[in-house]
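> Just so you know, the sequence shown maps onto residues 25 to 151 in our numbering. Ideal Cβ placement from N, Cα and C applies to all residues, glycine included. Computed from a prediction, not measured in an experiment: that's the story for all the values here. Dumping the structure here so I can ask a few things about it.
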Amino acid sequence: MERLLWVCFAGALGSGARYLIGVWAVARFGNAFPCGTLIVNVVGCFLMAVVMRASLALATFPENLRFALATGFIGGLTTYSSFNYETTRLVEQGTPLRALANLLLTLLLCGGAGLFGLVLARRLFAG
Numbered sequence: 025m026e027r028l029l030w031v032c033f034a035g036a037l038g039s040g041a042r043y044l045i046g047v048w049a050v051a052r053f054g055n056a057f058p059c060g061t062l063i064v065n066v067v068g069c070f071l072m073a074v075v076m077r078a079s080l081a082l083a084t085f086p087e088n089l090r091f092a093l094a095t096g097f098i099g100g101l102t103t104y105s106s107f108n109y110e111t112t113r114l115v116e117q118g119t120p121l122r123a124l125a126n127l128l129l130t131l132l133l134c135g136g137a138g139l140f141g142l143v144l145a146r147r148l149f150a151g
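Here is the structure:
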């Protein structure tokens, strides 16, 4: 039960962060391209790699903390369903090149962020 409460609390924080990043991105970049979703997915991929590597490398990493961060905060922060909806919406709006750009940027940047997070975490938490 304690783990569930930590996951729920951290998920609320992740969801709040996702909302604030989305509001900031629209104010900063406009709404022609889903920059907020791209940002949270890239950051989420990086953070997931760091958290999971740290939890595997450090025997003292609390299991409840791993669940709170990975399932809760990062799960609340990242938004694959929003990514999917916004990409298909760009196609429906007659801007397939923007949809393709969103798809490719998300795959490349999130993949790169995940690899970077893994490399960084391996160096920080060498085990």
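(1) Are A137 and V66 close, meaning C-beta to C-beta below 7 Å?
(2) State the Cα-Cα distance for the pair S106 and L148, rounded to the nearest angstrom.
(3) Taking 8 Å as the cut-off, does the region 34-49 touch the region 90-98 (at least 3 CB pairs, one atom from each stretch)?
(4) Nearest-angstrom Cα distance between T64 and R146?
(5) Using DSSP with H/G/I as helix, E/B as strand and the rest coil, what is G54?
(6) Kindly provide the ranges of any alpha helix (DSSP H) runs that are 4 or more residues long and lie completely inside the region 94-139, ordered along the chain.
(7) Can you grab the Cα-Cα spacing for the pair L114 / G135, in whole Å?
(8) Measuring CA to CA, which of E110, A73 and L128 is closest to G46?
(9) List the endpoints of the continuous alpha helix (DSSP H) containing F70.
(10) Output the distance between the C-alpha atoms of P86 and R27, rounded to the nearest integer angstrom.
Judging by the given coordinates:
(1) yes
(2) 32 Å
(3) Enough Cβ pairs lie closer than 8 Å, so yes.
(4) The amino acid at residue 64 is misidentified as Thr; the sequence shows Val. Between V64 and R146, the C-alpha separation is close to 23 Å.
(5) Coil.
(6) 104-116
(7) 22 Å
(8) Among E110, A73 and L128, the Cα nearest to that of G46 is on E110.
(9) C59 to A81 is the span of the alpha helix (DSSP H), which, as asked, contains F70.
(10) 11 Å
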